[in-house]
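Residue numbers (the working numbering): 1204 to 1698. In this text, a Cβ means the ideal position worked out from N, Cα and C, and glycines have one as well. Before any comments, here is the structure.
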Ligand code: NAD
């Protein structure tokens, strides 16, 4: 199998290969103190897209010091409405540069440009607009306690925030952290994933143009175990907001214990999408296919387990297989492309290993699960039938375009299987029986439940999970609480 990809048309015009992409510290673009650099590749071509400064602990020290100065200085003391206005100016600049940002994200992360324009970029802009509106609406309250005192609360920004971002939605997830932190008056040192640093660096440039004071938003690019680790262990960082894998999340909790940093963790998932026999099977399988194959399955809330009632099991497998075969895979820059490559060679190998594991465990691969071509990290979307709940492909996060279809007998069986992994990020349920879907929504161990739909997120609704999916919620007012601390004030009225 091969894909339609004209390499001679490769588009790298946006990314000047000669110019090293520098760190952003205190409003200045600077090289790392060590002078070291690393390359970021286009996962569709395996060619070097850009050379980036590789930060280390000394650069983190500089960035945290700048963020502290900006926190103590202009950002915290500025009128909240003015903070909101600066964020709105950044919104306008992002809109003006929408095509450029989308192309950059598509080249760097291998995402189909149509998907970036439909989802990642509008979601990032919506997030920033939403939190710009919050900036001057973060209130304390008067809480009457006794006659001789005025007692009230203030909501104060927590301080310097380390934002550690994964590679699957660099722009959108980066903004989920940046926008509420800045709206609350915090300052930020961001560490993008080393595979996808480019969109964050571009947004930071636009943020300066929008009037963000130096030091409010800093970026230190480089490896997680160096830059991320230095941030997590830094005594002058007040909070870590992290999205990534459960393994790294555990290490972050340990590192943050040093100075009792606040931590929020958005980790992995193995979400169940449950299809009952009375569901609209066409709509359910259509949504189930995009629920797992969108972004080549590299989605924390991917519906990587489709649970189908035994009466419709064969039909669900057949329809999912047909949908997988119909997905248009190719050059992410082509607007007709639906699925691009996975992010890296390492990720590709890990996904292909899981395809082997599934076959050795006795599951039936009905389609896909192979590398496409020899250049770029393309994998054909895979459907596994006859999957047993206990199999590794049903329990472990694959983070690729691989779906496990599992049979269930009744409602209790579906719930047992749906809740039977270490994760609890999201779940979907399909049925016309309103009592049944409501019972499922109440009992599902999941931070989000979709009923007769799958995969939507909105910044106005809380987002996150429990157990191996992490803790704390992003979005909505929950994020405002994450980045602020209430203070109680007592004033004696009898002096
Ligand atoms: P990862 O944990 O390897 O990396 C995430 C970030 O952490 C990167 O910036 C990385 O450089 C950094 N990092 C790595 N080691 C570190 C260390 N020792 N200290 C501090 N930082 C370190 O994850 P990934 O492979 O980039 O992303 C995929 C994972 O993210 C999946 O497990 C996925 O489910 C999860 N994810 C979760 C959500 C959610 O909302 N729950 C969203 C997207 C992705």
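Assigned secondary structure, residue i (DSSP; H/G/I helix, E/B strand, else coil)
i: residue 1607; result: strand
i: residue 1341; result: coil
i: residue 1370; result: coil
i: residue 1488; result: helix
i: residue 1676; result: coil
i: residue 1563; result: helix
i: residue 1637; result: helix
i: residue 1210; result: Any reading at residue 1210 must be qualified, since the residue scores a pLDDT of 48, below 50, and its modelled position is unreliable; the value itself is stated next. Note: residue 1210 maps to helix in three-state DSSP.
i: residue 1574; result: strand
i: residue 1551; result: helix
i: residue 1334; result: helix
i: residue 1683; result: helix
i: residue 1632; result: strand
i: residue 1226; result: strand
i: residue 1360; result: strand
i: residue 1398; result: coil
i: residue 1542; result: strand
i: residue 1231; result: strand
i: residue 1523; result: helix
i: residue 1530; result: coil
i: residue 1451; result: helix
i: residue 1568; result: strand
i: residue 1627; result: coil
i: residue 1199; result: Residue 1199 cannot be examined here, being either before or after the span of the chain that is shown, 1204 to 1698.
i: residue 1651; result: strand
Same chain, Cβ closer than 7 Å to residue i, five either side skipped, listed in chain order
i: residue 1221; result: The predicted model places residue 1221 with a pLDDT of 47, which falls under 50 and marks its position as unreliable; any figure quoted below should be read in that light. Once the five neighbours on either side are set aside, residue 1221 has no close Cβ partner at all.
i: residue 1683; result: 1337, 1341, 1383, 1387
i: residue 1355; result: 1343, 1344, 1345, 1346, 1692
i: residue 1411; result: 1230
i: residue 1185; result: A query on residue 1185 cannot be resolved here, the shown segment of the chain reaching from 1204 to 1698 and no further.
i: residue 1518; result: 1484
i: residue 1492; result: 1523, 1526, 1527
i: residue 1590; result: 1566, 1596, 1597, 1607, 1608, 1609
i: residue 1654; result: 1632, 1640, 1644
i: residue 1348; result: 1354
i: residue 1660; result: 1666
i: residue 1328; result: 1294, 1297, 1298
i: residue 1319; result: 1305, 1308, 1309
Distance CB(residue i)-CB(residue j) smaller than 9 Å
i: residue 1466; j: residue 1442; result: yes
i: residue 1386; j: residue 1326; result: no
i: residue 1642; j: residue 1614; result: yes
i: residue 1621; j: residue 1475; result: yes
i: residue 1531; j: residue 1525; result: no
i: residue 1405; j: residue 1300; result: yes
i: residue 1401; j: residue 1311; result: yes
i: residue 1674; j: residue 1389; result: no
i: residue 1689; j: residue 1357; result: yes
i: residue 1258; j: residue 1425; result: yes
i: residue 1541; j: residue 1501; result: no
i: residue 1276; j: residue 1416; result: yes
i: residue 1495; j: residue 1515; result: no
i: residue 1242; j: residue 1253; result: yes
i: residue 1507; j: residue 1658; result: no
i: residue 1378; j: residue 1330; result: yes
i: residue 1403; j: residue 1374; result: yes
6 Å CB neighbourhood of residue i in its chain, flanking five on each side removed
i: residue 1202; result: This structure cannot speak to residue 1202, because the chain is shown only from 1204 to 1698.
i: residue 1571; result: 1527, 1583, 1584, 1585
i: residue 1672; result: 1470, 1472, 1626, 1627, 1628
i: residue 1407; result: 1227, 1420, 1422
i: residue 1665; result: 1676, 1678, 1679, 1681
i: residue 1371; result: 1501
i: residue 1380; result: 1366, 1444
i: residue 1651; result: 1629
i: residue 1490; result: 1657
For residue i, the residue or residues it bridges with in DSSP
i: residue 1511; result: 1478, 1610
i: residue 1582; result: 1574
i: residue 1245; result: 1250
i: residue 1462; result: DSSP, once it has assigned bridges, lists no residue as partnering residue 1462.
i: residue 1355; result: 1345, 1692
i: residue 1391; result: 1364, 1420
i: residue 1467; result: 1444
i: residue 1588; result: 1567
C-beta neighbour in chain D for residue i, strict 9 Å
i: residue 1460; result: Absent from the structure is chain D; it holds one protein chain and no more.
Proximal residues to residue i (C-beta, below 8 Å), its chain only, five neighbours per side dropped
i: residue 1238; result: none
i: residue 1535; result: 1247, 1309, 1310, 1313, 1314, 1315, 1316, 1543, 1544
i: residue 1333; result: 1382, 1662, 1663
i: residue 1284; result: 1338, 1339
contact_flag[the region 1298-1314, the region 1480-1490] where n(CB pairs < 8 Å) is 3 or more: no
Mind the definition here: the region 1558-1571 touches the region 1261-1274 only if three or more C-beta pairs lie below 8 Å; say whether that holds. no
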